[in-house]
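In full-length UniProt numbering, the protein residues as written are 1 to 291.
Worksheet: one structure, shown below.
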């Protein structure tokens with residue numbers, strides 16, 4: 001790991017003070033890294049370090065994550081995350097920008113690319129195209145009053161539940177490794193140090209807002225997603241791990257919506273492909289964004 005690491009910066013979106021890190025090399029093609037749910041910008045460090053000599057690499061903490069503000073009222077609609085990307089890209093004048101995103105960050109980045117296709121140069125998404133059409137249809141078929149009721153009850157349940165507190169950082173590291181058994185000890189420690197903060201009583205808690213885990217009562221239908229994705233004009237690379245729970249975009253028929261798409265799969269990798277197969281993902285990203 002680069003001992004100096006990136007520099008931390010702040011920007012504003014909808015009144016929220018948000019955080020991102022910058023690996024320098026301004027003047028090189030910009031590459032924005034977007035993390036997944038319950039994650040943070042420093043989870044990209046190993047990949048960023050390998051790409052920072054050829055790209056101007058920035059990694060953002062989405063609202064409610066990492067060192068960014070939590071949203072007032074702990075309300076996290078999808079369009080708020082799209083706004084956060086739009087604000088950073090606009091304020092730093094990054095367009096046309098390359099984006100590499102994971103999981104929820106990938107879903108948000110695909111939506112952003114559909115709204116602002118002219119702002120993207122290339123887009124690489126790791127396991128971030130959402131659930132299968134069958135799951136989406138099942139959710140959409142639930143009556144509106146039930147979806148709203150489920151959202152209210154889930155939100156109330158979090159309000160009544162105290163976020164977990166850990167006696168020490170080693171307990172947090174153990175929980176991190178339990179979430180992804182493929183992590184090395186060094187990876188788990190690094191990810192945890194940037195994901196947790198110490199409370200006044202000496203215990204530790206995760207930085208992300210627990211409310212980001214509540215499923216929104218409104219989803220984009222497959223037709224709406226397809227219409228947005230079909231507006232994306234830049235080359236798109238979708239990467240999945242063969243041992244992940246994530247749906248296969250080819251088998252699900254999602255790739256038919258993209259004008260220029262390639263799908264790759266890496267063996268011996270789960271949902272966090274960039275952690276499980278770092279060398280391969282770094283090489284793939286370098287080749288893709290250098291074209």
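From the three backbone atoms N, C-alpha and C, an ideal C-beta is built for every residue, glycine too.
All values derive from a computational prediction rather than experimental measurement.
Pick from the options that is closest to residue i, judged by C-alpha positions
i           : options               : result
residue 12  : 217, 6 and 20         : 20
residue 200 : 224, 185, 124 and 165 : 165
residue 214 : 60, 193, 278 and 149  : 149
residue 193 : 244, 168 and 210      : 168
residue 267 : 110, 256 and 275      : 275
residue 23  : 42, 184 and 230       : 42
residue 60  : 106, 54 and 196       : 106
residue 226 : 259, 175 and 184      : 259
residue 132 : 9, 7, 244 and 249     : 249
residue 173 : 185, 162 and 163      : 185
residue 25  : 14, 18 and 7          : 7
Rounded separation between residue i and residue j - CA only
i           : j           : result
residue 50  : residue 95  : 22 Å
residue 47  : residue 5   : 12 Å
residue 84  : residue 38  : 16 Å
residue 76  : residue 120 : 24 Å
residue 283 : residue 221 : 35 Å
residue 16  : residue 159 : 22 Å
residue 285 : residue 153 : 41 Å
residue 263 : residue 239 : 6 Å
residue 208 : residue 261 : 32 Å
residue 251 : residue 224 : 19 Å
residue 279 : residue 273 : 10 Å
residue 117 : residue 93  : 15 Å
residue 36  : residue 190 : 17 Å
residue 65  : residue 206 : 9 Å
residue 91  : residue 28  : 17 Å
residue 14  : residue 87  : 9 Å
residue 68  : residue 18  : 4 Å
residue 10  : residue 181 : 33 Å
residue 178 : residue 44  : 19 Å
residue 171 : residue 291 : 43 Å
residue 243 : residue 78  : 27 Å
residue 175 : residue 163 : 14 Å
residue 155 : residue 161 : 10 Å
residue 255 : residue 130 : 12 Å
residue 142 : residue 80  : 24 Å
Check whether residue i and residue j have beta carbons under 8 Å apart
i           : j           : result
residue 58  : residue 33  : yes
residue 241 : residue 127 : yes
residue 74  : residue 211 : yes
residue 257 : residue 230 : yes
residue 115 : residue 89  : no
residue 40  : residue 195 : yes
residue 134 : residue 232 : no
residue 228 : residue 111 : yes
residue 151 : residue 72  : no
Contacts around residue i, its chain only, beta-carbon distance under 7 Å, and the 5 residues preceding and following it disregarded
i           : result
residue 219 : 136, 139 and 140
residue 122 : 98, 234, 235, 288 and 289
residue 292 : Nothing about residue 292 can be reported from this structure: the residues present for the chain run from 1 to 291 only.
Beta-carbon contacts of residue i that lie in its chain and below 6 Å, excluding the five residues immediately before and after
i           : result
residue 1   : Legend: pLDDT at residue 1 = 44, less than 50; position of this residue unreliable, value from coordinates given subsequently. Cβ neighbours of residue 1 beyond the five flanking positions: none.
residue 3   : Low per-residue confidence applies at residue 3: pLDDT is 49, beneath 50, and the placement is therefore not dependable, though the value from the model is reported in the following sentence. Correct list: empty, nothing qualifies.
residue 253 : none
residue 147 : 217
residue 197 : 207
residue 70  : 64 and 209
Own chain, CB closer than 8 Å to residue i, minus 5 neighbours either side, in chain order
i           : result
residue 187 : 46 and 275
residue 109 : 34, 85, 99, 101, 123, 125 and 128
residue 31  : 51, 55, 56, 57, 58, 97, 98, 99, 100 and 289
residue 277 : 241, 266, 268 and 269
residue 281 : 47, 126, 239, 266, 273 and 274
residue 53  : 25
Residue-chain proximity (residue i, chain D), Cβ-Cβ < 8 Å
i          : result
residue 88 : Absence of chain D from the displayed structure is noted, only one protein chain being present.
Residue i CB to nearest heavy atom of the ligand GDP below 7 Å
i           : result
residue 200 : As far as ligands go, the structure on display features none, and thus does not contain the ligand GDP.
Notebook entry, point to check: Which residue spans inside the segment 83-124 form an unbroken beta strand (DSSP E) run of at least 3?
Noted result: Runs of the beta strand (DSSP E) lying entirely within the segment 83-124, each at least 3 residues long, are 97-102 in chain order.
Item checked: Residue ranges of each beta strand (DSSP E) within the segment 250-279, 3 or longer -> 261-266
Checklist line | Length at least 4, wholly inside the segment 136-182: the alpha helix (DSSP H) runs in chain order | finding: 144-159 and 169-179
Margin query: For a minimum of 3 consecutive residues, which ranges assigned as the beta strand (DSSP E) are wholly contained in the segment 42-74?
Written below: 56-61
Notebook entry, point to check: Which full runs of the beta strand (DSSP E) of 3+ residues lie inside the segment 171-250, going along the chain?
Noted result: For the segment 171-250, whole beta strand (DSSP E) runs of length 3 or above, ordered along the chain, are 196-198, 204-206 and 236-241.
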